[in-house]
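Written below as C-alpha cells is the structure these notes are about.
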C-alpha cells in the first residue's frame, strides 16, 4: 500500500482555510510503519507516529518548520462500511482521542493506493480519503510463495547441505605440498551401505519331515 519508504503521502500539501500566506502545511502519513520526522532532530513531536503535520513558515529567506504529531499506530480503531465498501481507520493521540481518520475506499480498478482528498479543520480530526485496491475484501492478502522465493529457498538449502556434507565427508590433511582434502572413507562407506542395504527376503522352507535324508 505504501511506497518504498513506507509513506502513503510524504510532505504532501494540505489546504487549510484562514492560514497566513507565509505558512504552508504539509502532511506525512505512513499507514503501516511508525516514523519520526525529522530523523536528525530529537526535539520534535513527531516521534514514532503514523501522521505528522509540518507547519512551515518562510521568514527571513529561510524556512522554519514546526512538527505536530497527528496520530499513532497504537490502539487504532477500525470501522468497515459494507455498503460504501470503505474501511475507516482512526489514529489516536496519547489520550486516545482521534487525530486522523483515514477512509480507505475499495477500488479494484487501481493498481496502487493514493490519497484522493484530505480535509483539515480546527474542530474535527484530519480526514484523509484513500483509493486503494487493498480495501476490497480478500485483496492484497499474502499469497503463495513466488518462484523467486522458492528458488532462493532451494538455493539456501543446497548451499547448507553442501557445506554440511563437506564438513562430514571431507578430511583435510597436511602434506609436503600443503593442505589437501581427501574423502572421509567411513562417511562415504556408510552412505553407500545405507543406499545398497536391502531387507533379506523371506525364504520358504519345506517341511523337514518330508525331506529325504
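Numbering (the UniProt record's numbering), first residue to last: 1 to 213. Glycine residues also receive a C-beta, built at the ideal position from the N, C-alpha and C atoms.
Extent of the continuous beta strand (DSSP E) run through residue i
| i | result |
| --- | --- |
| residue 106 | 98-106 |
| residue 114 | 114-119 |
| residue 13 | 9-13 |
| residue 69 | 62-69 |
Sequence-distant residues of its chain with Cβ nearer than 7 Å to residue i (five each side left out)
| i | result |
| --- | --- |
| residue 9 | 27, 28, 29, 115 |
| residue 161 | none |
| residue 156 | none |
6 Å Cβ shell around residue i - same chain, five flanking residues per side excluded
| i | result |
| --- | --- |
| residue 65 | 54, 56 |
| residue 103 | 86, 88, 129 |
| residue 126 | 70, 100, 120 |
| residue 79 | 88 |
| residue 124 | none |
| residue 16 | 25, 120 |
Per DSSP, the bridge partner or partners of residue i
| i | result |
| --- | --- |
| residue 131 | 105, 114 |
| residue 23 | 57 |
| residue 79 | 88 |
| residue 51 | 29 |
| residue 35 | 49 |
| residue 178 | 175 |
| residue 214 | Because residue 214 is not part of the residues shown, which for the chain are 1 to 213, the question remains open. |
Supposed close pair residue i, residue j - CB separation, criterion 8 Å
| i | j | result |
| --- | --- | --- |
| residue 132 | residue 110 | 7 Å |
| residue 91 | residue 84 | Going by Cβ atoms, the distance from residue 91 to residue 84 rounds to 20 Å, so no, they are not a contact pair. |
| residue 49 | residue 34 | 6 Å |
Selection from the options that minimises the alpha carbon distance to residue i
| i | options | result |
| --- | --- | --- |
| residue 229 | 158, 14, 45 | This structure does not reach residue 229, given that the chain is present from 1 up to 213, and the question cannot be answered. |
| residue 13 | 32, 52, 33, 39 | 52 |
| residue 137 | 106, 149, 158, 152 | 106 |
| residue 7 | 174, 150, 112 | 112 |
| residue 108 | 158, 23, 140 | 140 |
| residue 62 | 24, 155, 76 | 24 |
| residue 47 | 59, 74, 58, 60 | 74 |
| residue 36 | 155, 5, 15, 16 | 5 |
| residue 94 | 76, 82, 81 | 76 |
Cβ-based neighbour list, residue i, same chain, cut-off 8 Å, excluding 5 preceding and 5 following
| i | result |
| --- | --- |
| residue 213 | Its pLDDT being 47, under 50, residue 213 is placed unreliably in this model, and the value from its coordinates should be taken loosely. Excluding sequence neighbours, residue 213 sits near nothing in its chain. |
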